[in-house]
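Have a look at the structure below, then the notes.
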Amino acid sequence: MEEHSGMTKASVDVFKHISFLATSLFFSVPASFAATSVEQKPETTTVAPVGESATKLIHAKDGVTLREFVGRNAPIRSERQSVALFVLPSGATTPVSYNTEGEELILVRRGRGNVRVGDRTWPVNAGDIASFPAGQPHRVAADPGKTLEFYAISSPAFGPATYREVSPASK
1 MEEHSGMTKA
11 SVDVFKHISF
21 LATSLFFSVP
31 ASFAATSVEQ
41 KPETTTVAPV
51 GESATKLIHA
61 KDGVTLREFV
71 GRNAPIRSER
81 QSVALFVLPS
91 GATTPVSYNT
101 EGEELILVRR
111 GRGNVRVGDR
121 TWPVNAGDIA
131 SFPAGQPHRV
141 AADPGKTLEF
151 YAISSPAFGP
161 ATYREVSPAS
171 K
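Residue 28 in UniProt numbering sits at position 28 of the sequence shown, and the numbers go up by one each step.
Have a look at this one:
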């Protein structure tokens, strides 16, 4: 891959995409995350390759996959935030769940689906963002005939001790 300031093209694309969305769409992410970009690096910079071969597969069930890029046990270690890529096949859903301490965001990368919070459902498409405060049960679903890919961003970093599943995922 092409190198740019020590980062692979895939790393540059992911960081530019997330930084652009964070700053241009006015949603709340930790300042340390939003300020990190290729042009403006924090005092200590960690660069890790992005892609299937660079990240371990954390979860794979019913075709749903989860790969963590930033977090407690990810290639880029952080206690303050986590970034993971979910891929939901056609018609699949995440469990209804919430985080007891952390705020969660999703950025839709590709596809079409919906987000459900309580008795309300919103459609989501590539480029859309949804935010869930700590303690707010929610679930994400891919539309029939469409795969849904989204980045899940948590602050502080996701951990099993603060994750609560209300009801299981469905296909």
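Don't be surprised by glycine CBs; every beta carbon is placed ideally from N, CA and C. Here the structure is a predicted model, which means the values were calculated and not measured.
Of the candidates A142, K146 and Q136, Q136 places its Cα closest to the Cα of T162. Following the DSSP letters along the chain, one finds G113 inside the beta strand (DSSP E) bounded by residues R112 to V117.
Restricting attention to alpha helix (DSSP H) runs no shorter than 4 residues, the UniProt domain "Cupin type-2" (85 to 153) encloses none.
Annotation: E79 is outside any beta strand (DSSP E) and is labelled neither H nor E by DSSP. Between V83 and V64 a beta carbon distance of about 17 Å is seen, past the 8 Å cut, so the two are scored as non-contacting.
Judged by beta-carbon spacing, T93 lies within the 8 Å limit of A141, meaning their Cβ atoms are closer than that value. Taking the C-beta atoms as reference points, S97 is found no nearer than 8 Å to P144. Taking each of V87, E68 and L88 in turn and checking the Cα distance to Q81, the smallest one comes out for E68. Across the structure, G102 and S154 are spaced so that their CA atoms are roughly 6 Å apart.
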